[in-house]
Structures are given as C-alpha cells and as structure tokens.
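Working notes, structure below.
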Amino acid sequence: MSVQDMIAPGFSDPVFQSQAAFRALLAALSEPGTLQRVTVAIAPPEGLATATATALLTLADYETPVWLPEALRNGPAGAWLRFHCGAALVDEPASAAFAVIDGAAGTPALSAFNPGNDQFPDRSTTVFVQCAALEGGAETTLSGPGIPGTRKVAPQGLRAGFWAEVRENGALYPLGVDLVLCHGDGMLGLPRTTRIEEAR
Amino acid sequence: MTIHKAPAEDTKPAYNYAYLDEQTKRMIRRALLKAVAVPGYQVPFGSREMPLARGWGTGGIQVTAAIIGPADTLKVIDQGADDTTNAVSIRKFFERTADARTSEVTDEATIIQTRHRIPEAPLKSGQIMVYQVPTPEPLRRLEPREAETRKMHAWAEYGLMQVKLYEDIARYGEITKTYDYPVMVNGRYVMAPSPIPKFDNPKMHMSPALQLFGAGREKRIYALPPYTSVRSLDFEDHPFRIQSWTEPCGLCGAADSYLDEVVIDDRGGRMFVCSDSHYCETRRAEGHRGTMLGDAALSGLVEETTP
Chain S
1 MSVQDMIAPG FSDPVFQSQA AFRALLAALS EPGTLQRVTV AIAPPEGLAT ATATALLTLA
61 DYETPVWLPE ALRNGPAGAW LRFHCGAALV DEPASAAFAV IDGAAGTPAL SAFNPGNDQF
121 PDRSTTVFVQ CAALEGGAET TLSGPGIPGT RKVAPQGLRA GFWAEVRENG ALYPLGVDLV
181 LCHGDGMLGL PRTTRIEEAR
Chain Z
1001 MTIHKAPAED TKPAYNYAYL DEQTKRMIRR ALLKAVAVPG YQVPFGSREM PLARGWGTGG
1061 IQVTAAIIGP ADTLKVIDQG ADDTTNAVSI RKFFERTADA RTSEVTDEAT IIQTRHRIPE
1121 APLKSGQIMV YQVPTPEPLR RLEPREAETR KMHAWAEYGL MQVKLYEDIA RYGEITKTYD
1181 YPVMVNGRYV MAPSPIPKFD NPKMHMSPAL QLFGAGREKR IYALPPYTSV RSLDFEDHPF
1241 RIQSWTEPCG LCGAADSYLD EVVIDDRGGR MFVCSDSHYC ETRRAEGHRG TMLGDAALSG
1301 LVEETTP
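Shown next as structure tokens:
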C-alpha cells in the first residue's frame, strides 16, 4: 500500500478539538467578515485547507451529504471524508448539506446549491469556498447582522463575478446558501444576511 | 425472577464531556449555525432526553452543552437570581459533567444561561447568552397549527399579531403583554424573546453579545447574532414602552433596574427589590443603600466582616 492510498488521521482529541473548531465557526458566521482561526493541528488531505477539513470533521456526519469537486471526490479527500465523517458524497450540488468549492474555479455557481425553501430556510447548503488568501486582496465592504456599521474584507483568488453572485444570494433572503471562505487555518463567514455594500 | 446484579465497586457511570454524545452535539451545532444565519427563524432540532424534566431548561442546557469548552466561564440565572433552584442545579450539572468554571459575575462569564431575564450589567462582545425558552412560537396562541404558523413565517404574514395587539389597545387602552413581548428581528421574522419582561427587550437590540435560544420540549433553536436589529412590535400612536416603578430598589436604591415586588406582611406591606441579584449585591458592595436595607451588623445579628 503506497503512502498516497493511506487515509490521513482526523482529530486526535475529537471532543475538545471539535468544540474549539465549532466556536470558531460560530464566531465566523455570527460576526461576518471577522477572520477566525482554527487552532487544531491536523494534517488535511490533499485539496482541502486545514480550516475546511476541520470544519467538515466538526459538522459533517451520516446525516449530511457533502459535495466535493470531482477531482477531490475521487481522490484522498473523498476517502478521508467517507472514513472519518461517514458522510455520503453526492454528485448533485443541490442535494448537499455541505459543499467545498474552489473560489477561482468557474463552476459550480452558488445558485447551483440548495437555497432551502420558504418554510425551511435552514435546509440550505453551507458552502466552504477555498481561496488563495483571506487578506491583501481587493477590499469589499460588508454590512448586516453581526456587523456594527460596516466591515471590510479583502480575500484573494475569487472568480470574477463572485461578489455579484453573493449579492444575488443575499437577495433571496431568508433563503440562500451560507458561505465560509477558507484558506490555511483561517475562516471568514459570509452568511446570507450579509449585504455587499461595495465591491471592487 | 430477575436477579439484578449490583455493579462492581470500580464501575462508575461515565458520560461524555458536557453530557451529550458527539453526534448530538454535531446536530445541535449545525442547527445553531443555521439559526445564526437566519436570525429569528426557529430551526427544528432533535431535542434529547435530559436528566431533568422538560420545561426546566432542557433546551438551554442542550445549547450550552453543545457550545461549552474548557476555556469558558458559565453563569446561570433564574429570574435574574444566581441562587434559585433552577440556576443552582444547572450550574452543578455543568460543574459535574463539563468540569465547568462557574461565576456569578456577569462581567467574567463567557456563557450566560438564563431563564426569564437579561442581566442589568451591559453585555460585552464575545459573551454568549443562552435562553431557556418554553414557547418558541410567538404565533402559537393565535394559531395552534404548526403547518399554518410555518406558512405565516414563510410569507411574513404577521397581520394576526398586529390585530392581537390592537385588540388589547381597544379593550384596555394599552398593550397588556408584559413579558415574552413579540419582536421583529432583522426586519423579517417575528420572534418570541422567551418570557423575559418587556423591560429587557431594548437590551436585545444591537446587543454586542451573541444570543442563542433553546426550546427543548418544542424542539426549536433560534438565534440573534450580535448587532442585529430587534424591534418590539407597536403602533405609531401607541409606541412600545417598558415598565417603570414609583420607588427604587429597597436594598440597593437602584432606580434603573427591573424590580420584583415582594409582599412582606399581611397588612399590605410590600417592598421592591432588584431581580438581578448580582447587580444588587454589586451596588450594595459599592456602598449604595436602599431604604429597607437592615443593617444586620449594627443589630448584632451577624459578625462584622473586615473588608
């Protein structure tokens, strides 16, 4: 068996590591645009950022179908998720509870994921957008619940038209997907309530 | 005949950290994240049996169990007081199952689980309020069918609630709801703030703390992220008003806190005291004296303590 075929370990201390990671996620989504870090040291499988991998270990299980880009689904990341979370990996973006996308890739569009329905807006997909960096890019101004006044974020490596898609997603409120931008061990939440005031 | 074998001496009942198993915590955590993303919307969740009866704060306990960690300091209040039965037993529960650090000081706590009050001391960014909610559905008294109230929320059809408030005004001249006063969250969902007095409603608006609501019996979780608009429903010509009292707290002299009326004899004697016990104690320690505060040391009932 080659090293590539081995499934990397998950949490070494699941109870406390998932608790710490969850609090970072809770802070990220309740205070959109603040940079949160997962402090857990895990070796993520190829194709997943530490933050993405930690978040999925914390939240995904047999109740939550996960959508991954095809290359990841058929690679070590897919095997890793199946083994540690027991999560079903689905082909159809709209049937996923959690999804991981590459921020620079053109597809799938955010509108391809499940926005929930008017009686159950909580059934929408949470999308982890892996991007090149969470700081140092073009500034975007956010407002909405969780933000006193406005807050500026500057992630890098997002496809052209990304902010327009986020705006369209926000217009569906109370429906819509919730986004978590991930890079390295950093996370930046963009729930559907967040309004894009100004994007450059 | 069944013979019950006594467990061996070294067998101790063991629980997972914070009582709940990890799959339950994951399920509650997912519900919490969606609740934060749609402020005021009630997310259904699989409420578990807890080692106390439903209606005693099982929703709040499950939320606290899903978020608490070794870095947290927990404060539990019941009707504002740290030393009432429900507060004491919930605090003990987390001391035993989660080895939690507990405190009565509002300022030191990172998680404040509460029944029926918001502390008087202003909340800070980074703190999490956990409310125990008996009836999460603000429309339930008006429409008993869940299928219907769900549609009313889906389509923001809140006319019935306004009619109910109007009928109060028509009949009594004012809105008579004094606790669990309905609020509009982020301009979209009508939410039950749990049975806090309407005195506390303004504290929810744009609060720097994260507020989480758990209803165990009704199996609902909802949330208010920090800095979220929370408007108490009212009318232009009948604006929302909070309670006021004609006299200050009998023990600490506070005129700005929520007061409980205490009957002290059978001849109509009564006194008003702060419902927030920690706030009242802090003020007395600062030297504030109310008119009814008996000086126990002077009358020789207790030994004077040197500060």
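If you read the protein sequences in the order shown, they are chains S and Z.
Our numbering puts the first residue of the first sequence at 1, with every later residue one more than the last.
Our numbering puts the first residue of the second sequence at 1001, with every later residue one more than the last.
Glycine residues also receive a C-beta, built at the ideal position from the N, C-alpha and C atoms.
As the structure is a prediction and not an experimental result, all values here were calculated from the model.
Is the separation between the beta-carbon of residue i and that of residue j shorter than 7 Å?
i	j	result
W67/S	P44/S	no
D1180/Z	P1195/Z	yes
V1130/Z	G1060/Z	yes
T1110/Z	T1064/Z	no
F1045/Z	I1068/Z	no
P115/S	L158/S	no
C182/S	Q130/S	yes
T107/S	P145/S	no
I196/S	F83/S	no
G1057/Z	R1117/Z	no
P942/Z	T1106/Z	Past the boundaries of the shown model lies residue 942/Z; chain Z is included only from 1001 to 1307, so the question cannot be answered.
T1114/Z	I1077/Z	yes
I1242/Z	F1199/Z	yes
V40/S	T58/S	no
A203/S	V15/S	What is shown of chain S runs 1 to 200, which leaves residue 203/S out entirely.
T52/S	F128/S	yes
V1183/Z	S1232/Z	yes
G1290/Z	L1259/Z	no
G137/S	Q156/S	yes
R1220/Z	Q1042/Z	yes
P1225/Z	S30/S	yes
Y1351/Z	P32/S	The question about residue 1351/Z has no answer, for chain Z in this structure spans 1001 to 1307.
K1025/Z	A1066/Z	yes
A1098/Z	A1018/Z	yes
T64/S	A21/S	no
E139/S	A154/S	yes
F141/S	E198/S	Residue identity differs from the one stated: residue 141/S is Thr in this sequence, not Phe. Yes, these two residues count as a Cβ contact at 7 Å.
H1278/Z	D1082/Z	yes
P1136/Z	E1049/Z	no
D1168/Z	T1178/Z	no
So with CB distances below 7 Å, who are the chain S contacts of residue i?
i	result
W1043/Z	Inspection of the sequence shows that residue 1043/Z is occupied by Val rather than by Trp. D122, listed in chain order.
G1069/Z	F16, Q19, A20 and R23
A1037/Z	L29, D178, P191, R192 and T193
R1231/Z	Here the premise fails: no neighbours, minimum Cβ distance about 13 Å.
R962/Z	Limits of chain Z in this structure are 1001 at one end and 1307 at the other, which puts residue 962/Z out of reach.
R1284/Z	Under the 7 Å cutoff, chain S gives no residues; its nearest Cβ is about 34 Å from R1284/Z.
Would the C-beta of residue i count as close to the ligand SAH, meaning under 6 Å from any of its heavy atoms?
i	result
G186/S	For the ligand SAH, the structure offers nothing, since it holds no ligand at all.
For a contact defined as C-beta to C-beta under 9 Å, what are the partners of residue i on chain S?
i	result
K1151/Z	D118 and Q119
N1016/Z	V15
M1154/Z	The sequence as given places Ala at residue 1154/Z; Met does not occur at that position. Here the neighbours are N117, D118, Q119, F120, P121 and P174.
R1270/Z	The premise fails here: R1270/Z is roughly 42 Å from chain S at the closest Cβ pair, so nothing lies under 9 Å.
I want to verify the contact list: residues of chain Z whose CB lies under 7 Å from the CB of residue i, in sequence order.
i	result
D61/S	Q1023 and R1026
I147/S	Y1227
Check the Cβ of residue i against every Cβ in chain S and list those closer than 8 Å, keeping chain order.
i	result
L1033/Z	L25, L26, L29, L59, T126 and D178
Below 9 Å on C-beta distance, what does residue i contact in chain Z?
i	result
I101/S	In chain order: nothing, as chain Z lies at least about 18 Å away.
Could you round the C-beta distance between residue i and residue j to whole angstroms and report it? I think they count as a contact, below 8 Å.
i	j	result
A87/S	Y62/S	7 Å
D118/S	A1154/Z	4 Å
K1124/Z	A1209/Z	7 Å
V1133/Z	G1214/Z	6 Å
L1160/Z	L1139/Z	7 Å
Y1189/Z	G1040/Z	3 Å
L190/S	V166/S	6 Å
V1185/Z	V1230/Z	6 Å
G184/S	L35/S	Not confirmed; about 11 Å, so no contact.
Q1062/Z	G1216/Z	6 Å
V177/S	F113/S	5 Å
- Looking at chain Z, which residues of the region 21-42 of chain S have a Cβ within less than 7 Å of any of its Cβ atoms? So the close ones are F22, R23, L25, L26, L29, S30 and E31.
- Message: Tell me which residues of the region 4-19 of chain S have at least one Cβ-Cβ distance to chain Z shorter than 8 Å, keeping chain order.
- Response: Result list: P14, V15, F16, S18 and Q19.
- Task: Write down every uninterrupted run of the alpha helix (DSSP H) in the region 1055-1096 of chain Z whose length is 4 residues or greater and which is fully enclosed by it, in chain order.
- Result: If one requires a minimum length of 4 residues, the alpha helix (DSSP H) runs lying completely within the region 1055-1096 of chain Z are 1058-1067, in chain order.
- Under 7 Å (Cβ pairs) to chain S, residues found in the region 1086-1117 of chain Z: Flagged: no residues at all.
- Message: Beta carbons nearer than 8 Å to chain S: which residues of the region 1184-1196 of chain Z have them?
- Response: Going along the region 1184-1196 of chain Z in chain order, one finds N1186, R1188 and Y1189 with a Cβ nearer than 8 Å to chain S.
- Mind listing which residues of the region 151-174 of chain S have their C-beta closer than 8 Å to chain Z's C-betas, in chain order? So the close ones are Y173 and P174.
- Message: I'd like the ranges of any beta strand (DSSP E) spanning at least 3 consecutive residues and lying wholly in the region 1178-1256 of chain Z.
- Response: Listed in chain order, the complete beta strand (DSSP E) runs (minimum 3 residues) inside the region 1178-1256 of chain Z are 1183-1185, 1189-1191, 1210-1215, 1220-1224 and 1230-1232.
- Query: Relative to chain S, which residues along the region 1196-1225 of chain Z have a C-beta separation below 7 Å, given in chain order?
  - Reply: Taking 7 Å as the Cβ-Cβ cut-off against chain S, the residues of the region 1196-1225 of chain Z that qualify are L1210 and P1225.
- Message: Any C-beta of chain S within less than 8 Å: which residues of the region 1126-1151 of chain Z qualify?
- Response: So the list reads R1150 and K1151, given in the order they occur along the chain.
- Going along the chain, which unbroken runs of the beta strand (DSSP E) with 3 or more residues stay wholly within the region 1109-1191 of chain Z? If you keep only unbroken beta strand (DSSP E) runs of at least 3 residues inside the region 1109-1191 of chain Z, you get 1111-1115, 1128-1132, 1183-1185 and 1189-1191.
- Message: Restricting to runs no shorter than 4 residues, where is the alpha helix (DSSP H) found entirely within the region 8-34 of chain S?
- Response: As far as the region 8-34 of chain S is concerned, its whole alpha helix (DSSP H) runs of at least 4 residues are 14-30.
- Contiguous alpha helix (DSSP H) assignments of at least 4 residues, all confined to the region 62-90 of chain S: Counting whole runs of 4 or more residues, the region 62-90 of chain S contains the alpha helix (DSSP H) stretches 70-73 and 76-85.
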